[in-house]
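Student:
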Amino acid sequence: MKNPTKKKKNRYLLTGGILSGFMTALIVCGFFWTPYSTTAMNAREKLQPPSWRHLLGTDNFGRDVFSRVMQGAGTSFLIAVMVVVIGCAAGILIGSLCGYYGGIADLILMRICDTITAFPAILLSLVIISIAGSSESNIVLALGILFIPSFARVVRTQYAGIRDLNYIKAARLEGVRTPRILYAHILPNTLPILIPALTIGFNNAILAEASMSFLGIGIQPPKASLGSMLKDSQNYLASAPWYVLGTGFMMVVLILAFSLLSEGIQQSTT
Amino acid sequence: MSLLEVNNLKVHFHDAAPDRFAVDGVSFSMEEGDVLGLVGESGTGKTVTSMCIGGLLPREKADTEGSITLDGVEIFDCTQKELNRILGKELSIVFQEPMTSFNPVYRIGRQIQESLYVHEKELSADRKKELALDAMRKAGLPEPEKTWRKYPHELSGGMLQRAMIAAAIVTKPKLLLADEITTALDVSMQARILELLRKLNRETKMAILFISHDLHVVNRLCTKVIVMQRGKIVESGNTQEVFANPQHPYTKKLIAAIPSRRSTLRN
Numbered sequence: 012m013k014n015p016t017k018k019k020k021n022r023y024l025l026t027g028g029i030l031s032g033f034m035t036a037l038i039v040c041g042f043f044w045t046p047y048s049t050t051a052m053n054a055r056e057k058l059q060p061p062s063w064r065h066l067l068g069t070d071n072f073g074r075d076v077f078s079r080v081m082q083g084a085g086t087s088f089l090i091a092v093m094v095v096v097i098g099c100a101a102g103i104l105i106g107s108l109c110g111y112y113g114g115i116a117d118l119i120l121m122r123i124c125d126t127i128t129a130f131p132a133i134l135l136s137l138v139i140i141s142i143a144g145s146s147e148s149n150i151v152l153a154l155g156i157l158f159i160p161s162f163a164r165v166v167r168t169q170y171a172g173i174r175d176l177n178y179i180k181a182a183r184l185e186g187v188r189t190p191r192i193l194y195a196h197i198l199p200n201t202l203p204i205l206i207p208a209l210t211i212g213f214n215n216a217i218l219a220e221a222s223m224s225f226l227g228i229g230i231q232p233p234k235a236s237l238g239s240m241l242k243d244s245q246n247y248l249a250s251a252p253w254y255v256l257g258t259g260f261m262m263v264v265l266i267l268a269f270s271l272l273s274e275g276i277q278q279s280t281t
Numbered sequence: 002m003s004l005l006e007v008n009n010l011k012v013h014f015h016d017a018a019p020d021r022f023a024v025d026g027v028s029f030s031m032e033e034g035d036v037l038g039l040v041g042e043s044g045t046g047k048t049v050t051s052m053c054i055g056g057l058l059p060r061e062k063a064d065t066e067g068s069i070t071l072d073g074v075e076i077f078d079c080t081q082k083e084l085n086r087i088l089g090k091e092l093s094i095v096f097q098e099p100m101t102s103f104n105p106v107y108r109i110g111r112q113i114q115e116s117l118y119v120h121e122k123e124l125s126a127d128r129k130k131e132l133a134l135d136a137m138r139k140a141g142l143p144e145p146e147k148t149w150r151k152y153p154h155e156l157s158g159g160m161l162q163r164a165m166i167a168a169a170i171v172t173k174p175k176l177l178l179a180d181e182i183t184t185a186l187d188v189s190m191q192a193r194i195l196e197l198l199r200k201l202n203r204e205t206k207m208a209i210l211f212i213s214h215d216l217h218v219v220n221r222l223c224t225k226v227i228v229m230q231r232g233k234i235v236e237s238g239n240t241q242e243v244f245a246n247p248q249h250p251y252t253k254k255l256i257a258a259i260p261s262r263r264s265t266l267r268n
């Protein structure tokens with residue numbers, strides 16, 4: 012218990028916590044209030060460099076980049092959260108059943124997961140979007156499905172290991188029914204692995220949404236998302252670098268914050 | 002009607018040779034309040050027998066023959082649902098390795114209550130806690146209230162073994178199946194666990210099927226003993242008679258292997 016190295020401050024957790032707390036605050040604030048309207052165009056103020064009036068300058072329609080980044084990060088954040096929730100819930104369900112029971116169903120489901128993983132994610136989501144049409148819920152659904160295998164695999168491995176441990180046998184010997192064993196006895200023991208997987212999945216989801224919006228199959232204008240803003244800003248790389256830098260910076264910080272947080276959690280649990 | 006009746010039990014593992022039975026025609030019975038010792042060296046089918054009684058032998062790995070009735074219920078005919086109703090209620094099983102037998106993420110108290118959650122749902126939370134604390138006291142855990150809030154890693158092996166026993170007796174089962182429960186413990190702790198089992202047997206009339214390879218322990222605890230070798234019962238009877246006058250050469254050898262105070266390290 013008294014491990015001297017444990018007393019060392021967990022810098023990852025600290026900086027990750029502060030950064031992600033700050034980002035979350037910014038995003039939550041963006042849902043209710045932004046310094047300027049995110050959609051009102053202003054021809055006179057287009058492509059203004061950063062100033063005290065516009066912290067990150069303005070874009071080609073004269074909209075405040077900072078306000079749009081706040082809202083765009085919120086869009087990306089919400090989508091990423093929902094994607095992770097879908098992927099994780101389905102992944103836990105599939106992974107727990109596969110890992111606990113094993114057998115032929117496990118084999119088949121895991122091969123399906125392999126197949127999904129083998130496809131480039133963007134290609135698959137492109138297919139789904141072009142069939143179902145581009146809307147926010149379709150993006151969430153497409154990415155959610157794509158994220159199932161990674162969670163299912165992690166959860167399955169954990170379940171396959173834990174199911175043979177004595178305390179699970181003991182629970183079975185007390186006559187505990189299988190669902191309770193699966194989700195009350197085993198699931199909490201997978202958390203040290205599952206939580207980092209969640210945050211990594213969250214980061215990947217932000218990137219995936221951004222790449223889809225960048226390709227124009229994600230969030231549609233005038234709604235802002237980090238990906239669609241990056242796409243718009245690339246035309247003004249030379250004339251208005253603050254536009255692309257501000258947007259990119261926001262995305263980097265967002266992902267960095269949650270990566271650090273996950274690293275910190277990982278270190279504090281092992 | 003006996004509490005437990007095992008009739009001509011045969012177990013064959015699929016990956017063993019066709020004529021090799023892990024348990025080969027074992028029959029015995031236990032009455033209420035019996036303390037029966039099942040002894041034999043490693044691999045003689047003691048644990049396989051106990052797994053059969055608990056209905057735990059995976060059906061895809063082994064074929065079974067014969068019958069096991071617990072309180073008149075045929076174990077082999079039970080569905081998983083029916084088994085779940087018996088396990089932890091009529092029959093509790095405690096096995097070796099107390100250190101790994103508790104879920105590391107929950108407090109001890111909660112885990113001792115678990116059987117009550119499963120079998121006595123209608124009880125109030127306070128009543129459950131009361132029963133569990135009572136079981137802990139019976140199992141000889143000092144300061145049950147304090148131990149209640151502890152996590153498994155905070156307790157020693159001996160404490161955990163007693164907590165296992167507490168978890169097993171909380172539903173007041175008719176039969177306790179103890180599979181090598183003293184093997185991982187040091188001698189003084191062994192003695193205390195044995196004393197505890199004897200007391201529980203006296204006070205609650207709970208029958209105990211005690212599986213061990215340690216004849217010395219069996220001699221001290223059990224009223225009856227069964228000696229197994231290669232899946233077969235080679236000798237059975239009252240403990241004192243068997244120990245005083247072993248008939249089968251294998252039993253003689255086993256008894257001769259008990260170290261006595263006079264034995265030396267010479268061959």
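Heads up: the protein sequence lines correspond to chains A and B, in order.
Start counting at 1 in the first sequence, then tack on 11, and there's your number in our numbering.
Start counting at 1 in the second sequence, then tack on 1, and there's your number in our numbering.
Glycine included, every Cβ here is placed at the ideal spot set by N, Cα and C.
Just so you know, these numbers come straight off a predicted model, no measurement behind them.
#1: Find the residues of chain B that neighbour N21(A), judging by a C-beta separation of less than 9 Å, and give them in chain order.
#2: For the region 161-183 of chain A, which residues have a CB atom closer than 9 Å to at least one CB atom of chain B, in sequence order?
#3: Applying a beta-carbon distance threshold of less than 7 Å, which residues of chain A neighbour L88(B)?
#4: Taking its Cβ as the centre, do 16 or more other Cβ atoms sit within 10 Å of N85(B), making it buried, or is it exposed?
#5: Mind checking if E98(B) is an interface residue toward chain A, Cβ cutoff 8 Å exclusive?
#6: Where DSSP assigns a beta bridge to N8(B), which residues make up the other side?
#7: Quick check: the Cα distance between I133(A) and N200(A), rounded to an integer number of angstroms?
#8: Under the three-state reduction of DSSP, which class applies to A251(A): helix, strand or coil?
#9: Mind listing which residues of the region 191-203 of chain A have their C-beta closer than 7 Å to chain B's C-betas, in chain order?
#10: Quick check: is the beta carbon of P59(B) nearer than 8 Å to any beta carbon in chain A?
#11: Would you identify the three-state DSSP class for A116(A), choosing helix, strand or coil?
#12: Is D35(B) helix, strand or coil when you go by DSSP?
#13: Beta-carbon of K13(A) versus every beta-carbon of chain B: anything under 8 Å?
#14: Just verifying my parser: in three-state terms, what is the DSSP assignment at E56(A)?
#15: Between I227(B) and L57(B), is the Cβ-Cβ spacing less than 8 Å?
#16: How should G32(A) be labelled, buried or exposed, when 16 other C-beta atoms within 10 angstroms of its C-beta is the threshold for buried?
#17: Pairing CB atoms from the region 64-72 of chain B with CB atoms from the region 162-181 of chain A, are three or more of them under 8 Å?
#18: Tell me the rounded alpha-carbon separation between L218(A) and G106(A).
#19: Measure the C-alpha to C-alpha separation of K13(A) and D187(B) and round it to an integer number of angstroms.
#20: Counting only beta-carbon atoms, is V74(B) nearer than 8 Å to chain A?
#21: Using a Cβ cut-off of 8 Å, pull out every chain A residue sitting near E115(B), in sequence order please.
#22: Please work out which residues of its chain come closer than 7 Å, Cβ to Cβ, to L237(A), disregarding the five sequence neighbours upstream and downstream, and give them in chain order.
#23: What does V49(B) touch in chain A if you count any residue whose Cβ is under 8 Å from its own?
#24: Counting only C-beta atoms, is G159(B) closer than 8 Å to chain A at any point?
#25: G238(A) lies in the beta strand (DSSP E); which residues open and close that run?
#26: For chain A, check one thing: does any of its Cβ atoms lie closer than 8 Å to the Cβ of T184(B)?
#27: Can you tell me whether DSSP reads T148(B) as helix, strand or coil?
#28: Taking all protein chains shown into account, do 16 or more other C-beta atoms lie within 10 angstroms of the C-beta of N246(B), making it buried, or fewer, making it exposed?
#29: Bridge partners for F96(B) per DSSP, in chain order?
#30: Just to confirm my understanding: we take I159(A), look at its own chain, exclude 5 residues before and 5 after, and list those with CB closer than 6 Å. What are they?
#31: Please state whether DSSP places M12(A) in a helix, a strand or coil.
#32: Going along chain A, which residues have a C-beta under 7 Å from T101(B)?
Tutor: According to the structure data:
#1: Mapped onto the first sequence, residue 21(A) falls at position 10. By Cβ distance, chain B contributes nothing, its closest Cβ being about 21 Å from N21(A), past 9 Å.
#2: When CB distances to chain B are screened at a threshold of 9 Å, the residues of the region 161-183 of chain A falling below it are L176, N177, Y178, I179, K180, A181, A182, R183, in chain order.
#3: Position 87 of the second sequence holds residue 88(B). For L88(B), the chain A residues whose C-beta falls within less than 7 Å of its own C-beta are L184, E185, G186, listed in chain order.
#4: Position 84 of the second sequence holds residue 85(B). It is buried - the Cβ of N85(B) has at least 16 other Cβ atoms within 10 Å.
#5: Within the second sequence, residue 98(B) is the residue found at index 97, counting from 1. Contacts with chain A at 8 Å (Cβ-Cβ) include E98(B).
#6: As a first step, residue 8(B) is located in the second sequence; it is residue number 7 there, counting from the start. S68(B), per the DSSP bridge assignment.
#7: The residue you call residue 133(A) lines up with position 122 of the first sequence. The residue you call residue 200(A) lines up with position 189 of the first sequence. I133(A) and N200(A) have their C-alpha atoms roughly 33 Å apart.
#8: Your numbering for residue 251(A) matches position 240 in the first sequence. Secondary structure at A251(A): coil, using DSSP grouped into helix, strand and coil.
#9: Going along the region 191-203 of chain A in chain order, one finds H196, P199, N200 with a Cβ nearer than 7 Å to chain B.
#10: Start at 1 with the first residue of the second sequence, and residue 59(B) comes out as number 58. Put simply, the CB of P59(B) is far from chain A, with every gap to its CB atoms at 8 Å or more.
#11: Translated into the one-based positions of the first sequence, residue 116(A) becomes position 105. DSSP places A116(A) in helix when its eight states are reduced to three.
#12: Start at 1 with the first residue of the second sequence, and residue 35(B) comes out as number 34. Three-state result, D35(B): coil.
#13: Indexing the first sequence from 1 puts residue 13(A) at position 2. Residue placement at K13(A) is flagged as unreliable, the pLDDT there being 48, under the threshold of 50; a coordinate-derived value is accordingly withheld.
#14: The count along the first sequence starts at 1 and reaches residue 56(A) at position 45. In the structure shown, the three-state DSSP call for E56(A) is helix.
#15: Position 226 of the second sequence, counted from the first residue, corresponds to residue 227(B). Position 56 of the second sequence, counted from the first residue, corresponds to residue 57(B). Cβ atoms of I227(B) and L57(B): not closer than 8 Å.
#16: Position 21 of the first sequence, counted from the start, is the residue given in the question as residue 32(A). Flag for G32(A) reads exposed.
#17: With contact defined as three or more Cβ pairs closer than 8 Å, the region 64-72 of chain B and the region 162-181 of chain A are not in contact.
#18: For this step, residue 218(A) is matched to residue 207 along the first sequence. For this step, residue 106(A) is matched to residue 95 along the first sequence. Cα to Cα, the separation comes out at about 24 Å.
#19: Locating residue 13(A) in the first sequence gives position 2, where the first residue counts as 1. Locating residue 187(B) in the second sequence gives position 186, where the first residue counts as 1. Note that K13(A) has pLDDT 48, beneath the 50 cutoff, so the model's placement of it is unreliable and the number below is only indicative. If you draw a straight line from the Cα of K13(A) to the Cα of D187(B), it is about 26 Å long.
#20: By one-based count along the second sequence, residue 74(B) stands at place 73. Chain A contact via Cβ: absent.
#21: Here residue 115(B) refers to the residue found at position 114 of the second sequence. Those within 8 Å of E115(B) in chain A are A182, E185, V187.
#22: Within the first sequence, the letter at position 226 stands for residue 237(A). For L237(A), the CB contacts under 7 Å within the same chain, skipping 5 residues up- and downstream, are G83, A84, S87, A221, T258, M261, M262 in chain order.
#23: What you label residue 49(B) is simply residue 48 of the second sequence in a count that begins at 1. Within chain A, not a single residue places a beta-carbon under 8 Å from that of V49(B); the smallest gap is close to 15 Å.
#24: Reading the second sequence from its first residue, position 158 is the one you call residue 159(B). Under the 8 Å criterion on CB atoms, G159(B) is classed as non-interfacial with respect to chain A.
#25: Locating residue 238(A) in the first sequence gives position 227, where the first residue counts as 1. For G238(A), there is no enclosing beta strand (DSSP E); the enclosing alpha helix (DSSP H) covers residues 237-244.
#26: Indexing the second sequence from 1 puts residue 184(B) at position 183. For T184(B), no CB of chain A lies under 8 Å from its own CB, so it is not counted at the interface with that chain.
#27: Mapped onto the second sequence, residue 148(B) falls at position 147. Residue state, collapsed to three classes: helix.
#28: By 1-based counting over the second sequence, the position of residue 246(B) is 245. It counts as exposed.
#29: What you label residue 96(B) is simply residue 95 of the second sequence in a count that begins at 1. Under DSSP, F96(B) takes part in a beta bridge, and its partners are D180(B).
#30: Your numbering for residue 159(A) matches position 148 in the first sequence. Closer than 6 Å at the Cβ level, and outside the excluded window around I159(A), lie G98, A101, G102.
#31: What you label residue 12(A) is simply residue 1 of the first sequence in a count that begins at 1. Because M12(A) sits at a pLDDT of 47, beneath the cut-off of 50, its placement in the model cannot be relied upon, and the point is left open.
#32: Numbered from 1 along the second sequence, position 100 holds the residue referred to as residue 101(B). In chain order: L176, N177, Y178.
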